[in-house]
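2 protein chains.
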Amino acid sequence: MCPIATCLVKQCNHTWINRLSDAKNSPIYPKGQFVFMEGSLVLGAYFILKGKVKVISSNVGGKEQTVRLAGEGHMLGHSAIGLEKYSIGAVTLEESQICFIDNATLYEAFMANPKFTFEVMRFYSRELRKSEIRTKCLGLMNNEEKVILGLLYLADTYLLGSQGNQVEIDLNRQEIAQIIGTNAEQVSRVLTSLKKEGLIQTVDRTIQLPDITTLKERIRQYAYATSY
Amino acid sequence: MCPIATCLVKQCNHTWINRLSDAKNSPIYPKGQFVFMEGSLVLGAYFILKGKVKVISSNVGGKEQTVRLAGEGHMLGHSAIGLEKYSIGAVTLEESQICFIDNATLYEAFMANPKFTFEVMRFYSRELRKSEIRTKCLGLMNNEEKVILGLLYLADTYLLGSQGNQVEIDLNRQEIAQIIGTNAEQVSRVLTSLKKEGLIQTVDRTIQLPDITTLKERIRQYAYATSY
DNA sequence: CTAATAGCCTGCGAAAATGCAGGCTTTTTT
DNA sequence: AAAAAAGCCTGCATTTTCGCAGGCTATTAG
């Protein structure tokens, strides 16, 4: 039985929770694995049971942009009815367990469970709002502000509960750059500067954020907020 | 009776279509009017019956970014249950008629009409995908490409049917700049250059796109497509 | 008709971002 | 343990973007 209380599927009635539980499969993906690739057909929806995923989109030249970060309880795959090709991919950032439910079953579940459909709708609505605020930020911010935005976005998405402000980020410079639409060198420069100010620490490969409050203060003028 | 066949409300059964028809009000907003303002409470959802709307978000300094364009049949307001403050506003680009339905009524409609909820969910899902592809483009494109993206975004959103490739855009340079995260001068420069190439025409205040195909070709490497 | 205003275009210097290169450190492989 | 590879930092030259300023045009107001 699935232990994730926040999983959207939990909005179904008991009969359907069991039926979806039977219909799903839940493979474990190693770090760096594609959950689905750009240009592939979407045959159903993915629910993250455990782990971290980035949603990406690339141009033909191979340049890649991370368009969304997703964690436990999040939904992937833009559940489509009918087959849609679709120019977005998803890659695990660490070992992750991800449930898959096919479109036909999902559609039946939507028709039989209004609350489930409603909560999925709300999920997309919230993600859209987050994406739009991101659009604003990426459109108006300079490089340093974007790097701070990226760090806070990672923190917001992957800080579990309120266990202090300690967030560890285990991505390389290139991957951080792709979240905010810049390049590895710029990220390096800004991180160095933030380190000198004591706003971040680096331990081994990971970046730690001991003072999230001050970081947020830095980009306050964009009305960036943890909860959207 | 509402004449918009694509309106999402049409997914409800007849009883509910009538009930929502009674519950809604449908004011006509003049050009340049706020439908709702940034920071206001969201008390329900808006359905565009006729007209064009931009969804905006600003920073404290007053710089404004257009995060989404919406036209006939589109939904605004991120229907929320409960009251949520929310840092996004909407402004008409021309005289527009927009229906409003309050959250309580909407919630009942969602619970009673699975197909309605499902289609609203799909609407948000599609808009999210569009927003994410926009994130990619704004992250990877240079200025000229962004301007072309902006023109095509306007064309896609407001080209009604397939009446040739004639699209008229009646925004000033500043407003175009805010769609793509740049400034009026840059837009001016790119438009001049595109005009010299014969890819756009300006007649009075409006920009015409006589050759959408070639414009799309210009940014093909970003896999930008009319239908997402 | 004239004046005033708003929008538009474009040159130019300043600022920011980019991307290469070289040196360093860390991790992985052999 | 040594070698190879990958990642990281930073200086520098180049390119791009920014934003002011001035002149032009079109629209609106008087």
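Chains as they are written, first to last, in the numbering used here: chain A, 1 to 228; chain B, 1001 to 1228. Note that beta-carbon positions come from the ideal geometry of N, C-alpha and C, so glycine has one too.
Arg122/A - partner residues in DSSP beta bridges: Position 122 of the first sequence holds residue 122/A. Partner(s): none; Arg122/A has no beta bridge.
Any non-hydrogen atom of the ligand MN within 7 angstroms of Gln208/A CB: Among the components modelled here there is no ligand, and therefore nothing to report on the ligand MN.
Within-8 angstroms CB hit, Ile1088/B to chain A: Residue mapping note: residue 1088/B aligns to position 88 of the second sequence, counting from 1. It does: the Cβ of Ile1088/B has a partner Cβ on chain A nearer than 8 angstroms.
Of the listed residues Cys1007/B, Phe1034/B, Cys1002/B, Ile1028/B, nearest to Ser1021/B (C-alpha basis): If you number the second sequence from 1, residue 1021/B lands on position 21. Nearest of Cys1007/B, Phe1034/B, Cys1002/B, Ile1028/B to Ser1021/B, Cα basis: Cys1002/B.
Proximal chain B residues relative to Tyr46/A, where beta-carbon distance stays under 9 angstroms: The count along the first sequence starts at 1 and reaches residue 46/A at position 46. Ordered by position in chain B, no residue passes the 9 angstroms Cβ test against Tyr46/A, which lies about 13 angstroms from the chain.
Whole-angstrom distance between Gly71/A and Ser162/A, CA atom to CA atom: Here residue 162/A refers to the residue found at position 162 of the first sequence. Here residue 71/A refers to the residue found at position 71 of the first sequence. Reliability of the predicted coordinates at Ser162/A is poor, the pLDDT of 49 falling under 50, and the value obtained from them is presented with this limitation in mind. Going by the C-alpha atoms only, they are around 16 angstroms apart.
Neighbour list for Leu128/A in chain B, Cβ cutoff strictly below 8 angstroms: For the purposes of this step, residue 128/A is taken as the residue at position 128 of the first sequence. Per Cβ cutoff of 8 angstroms: His1078, Tyr1124, Glu1127, Leu1128, Ser1131.
Cβ of Leu1159/B within 8 angstroms of any chain A Cβ: What you label residue 1159/B is simply residue 159 of the second sequence in a count that begins at 1. It does not; no Cβ of chain A falls within 8 angstroms.
Euclidean distance between Cα positions of Leu1194/B and Asn1018/B: Taking the second sequence and counting its residues from 1, the one referred to as residue 1194/B is at position 194. Taking the second sequence and counting its residues from 1, the one referred to as residue 1018/B is at position 18. Using only the alpha carbons, I get a separation of about 49 angstroms.
For Arg68/A, the first and last residue of its enclosing beta strand (DSSP E): Residue 68/A sits at position 68 when you count from the first residue of the first sequence. Start and end: 64-70.
Which residues DSSP lists as bridging Ala90/A, in chain order: Counting from 1 along the first sequence, the entry for residue 90/A is found at position 90. Paired residue(s): Phe36/A, Val55/A.
Residue nearest to Leu8/A in terms of C-alpha spacing, selected from Asn183/A, Ala23/A, Lys31/A, Leu49/A: Locating residue 8/A in the first sequence gives position 8, where the first residue counts as 1. Of Asn183/A, Ala23/A, Lys31/A, Leu49/A, the smallest CA-CA separation from Leu8/A is found for Leu49/A.
Through-space distance from Lys1136/B to Thr1157/B, alpha-carbon basis: Here residue 1157/B corresponds to residue number 157 of the second sequence, with the count starting at 1. Here residue 1136/B corresponds to residue number 136 of the second sequence, with the count starting at 1. Using only the alpha carbons, I get a separation of about 19 angstroms.
Limits of the alpha helix (DSSP H) - the one that Thr182/A falls within: The residue you call residue 182/A lines up with position 182 of the first sequence. First-last for Thr182/A: undefined, no H or E at that position.
Straight-line Cα distance separating Ile1148/B from Ile1212/B: Residue 1212/B sits at position 212 when you count from the first residue of the second sequence. Residue 1148/B sits at position 148 when you count from the first residue of the second sequence. Across the structure, Ile1212/B and Ile1148/B are spaced so that their CA atoms are roughly 10 angstroms apart.
Local Cβ density within 10 Å of Leu1128/B, reported as buried at 16 or more and exposed below that: Position 128 of the second sequence, counted from the first residue, corresponds to residue 1128/B. Burial call: buried.
Where Ser26/A sits in the DSSP three-state scheme: Counting from 1 along the first sequence, the entry for residue 26/A is found at position 26. Three-state result, Ser26/A: coil.
Contacts around Leu140/A, its chain only, beta-carbon distance under 7 angstroms, and the 5 residues preceding and following it disregarded: Translated into the one-based positions of the first sequence, residue 140/A becomes position 140. Taken in chain order, the residues that qualify are Tyr222.
Inter-stretch contact (C-beta, 8 angstroms, three-pair minimum) for the segment 1034-1052 of chain B and the segment 1092-1103 of chain B: yes
Per-residue contacts from Gln1221/B into chain A (C-beta, under 8 angstroms): As a position in the second sequence, residue 1221/B is number 221, starting the count at 1. Near Gln1221/B (Cβ distances below 8 angstroms), the residues of chain A are Asn59, Val60, Gly61.
Assumed close pair His1066/B, Ile1179/B - CB separation to whole angstroms, cut-off 8 angstroms: If you number the second sequence from 1, residue 1066/B lands on position 66. If you number the second sequence from 1, residue 1179/B lands on position 179. The amino acid occupying residue 1066/B in the given sequence is Thr; His does not appear at that position. Right, the Cβ-Cβ distance comes to about 5 angstroms (below 8 angstroms), so this counts as a contact.
8 angstroms contact criterion, which Glu132/A and Ser1057/B should meet: CB distance rounded: Against the first sequence, residue 132/A aligns to sequence position 132. Against the second sequence, residue 1057/B aligns to sequence position 57. Correct: roughly 7 angstroms between the Cβ atoms.
Where Val9/A sits in the DSSP three-state scheme: As a working note, residue 9/A is residue 9 in the first sequence. The answer is helix: DSSP assigns Val9/A an H, G or I state.
Simplified DSSP state of Asp1102/B, which is helix, strand or coil: Residue 1102/B sits at position 102 when you count from the first residue of the second sequence. In the structure shown, Asp1102/B sits in a strand (DSSP, three-state: E or B).
Terminal residues of the alpha helix (DSSP H) in which Val1203/B lies: By one-based count along the second sequence, residue 1203/B stands at place 203. Per DSSP, Val1203/B belongs to no alpha helix (DSSP H); it is in the beta strand (DSSP E), 1201-1203.
Phe110/A at chain B interface by Cβ criterion, 8 angstroms: Numbered from 1 along the first sequence, position 110 holds the residue referred to as residue 110/A. It does; some Cβ of chain B falls within 8 angstroms.
Collapsed DSSP secondary structure at Met1111/B in the structure displayed: As a position in the second sequence, residue 1111/B is number 111, starting the count at 1. Note: Met1111/B maps to helix in three-state DSSP.
Neighbourhood of Ala1109/B by C-beta, 7 angstroms cutoff - its chain only, sequence neighbours within 5 removed: Here residue 1109/B refers to the residue found at position 109 when the second sequence is read from its first residue. Excluding residues within five positions, the ones whose Cβ falls inside 7 angstroms are Cys1012, Trp1016, Leu1020, Phe1116.
DSSP-derived helix/strand/coil call for Ile212/A: As a first step, residue 212/A is located in the first sequence; it is residue number 212 there, counting from the start. DSSP places Ile212/A in helix when its eight states are reduced to three.
Spatial neighbours of Thr1182/B in its chain, beta-carbon cut-off 8 angstroms, leaving aside the 5 residues before and after: As a first step, residue 1182/B is located in the second sequence; it is residue number 182 there, counting from the start. Excluding sequence neighbours, Thr1182/B sits near Asn1143, Lys1146, Val1147.
Strand pairing of Ser1096/B, partner residues [DSSP]: Numbered from its first residue, the second sequence carries residue 1096/B at position 96. In the DSSP output, where bridge partners are listed per residue, Ser1096/B has Tyr1029/B.
Residues that Arg19/A contacts on chain B, provided the C-beta gap is smaller than 8 angstroms: Along the first sequence, one-based indexing puts residue 19/A at 19. Going along chain B, no residue has its Cβ under 8 angstroms from Arg19/A, so there is no contact; the nearest lies around 16 angstroms.
Endpoints, the alpha helix (DSSP H) within which Asp1170/B is located: As a position in the second sequence, residue 1170/B is number 170, starting the count at 1. From DSSP, Asp1170/B is part of no alpha helix (DSSP H); its letter is neither H nor E.
Candidates Gly1062/B, Gly1051/B, Glu1064/B, Val1060/B: closest to Met1075/B by CA position: Counted from its first residue, the second sequence places residue 1075/B at position 75. Checking every option, the nearest Cα to that of Met1075/B belongs to Gly1051/B.
Val190/A versus Leu154/A - alpha carbon distance: Locating residue 190/A in the first sequence gives position 190, where the first residue counts as 1. Locating residue 154/A in the first sequence gives position 154, where the first residue counts as 1. If I take the Cα positions, the gap works out to 16 angstroms.
For Ile1048/B, the residue or residues it bridges with in DSSP: On the second sequence, residue 1048/B is found 48 positions in, with the first residue counted as 1. According to DSSP, Ile1048/B bridges with Ile1098/B.
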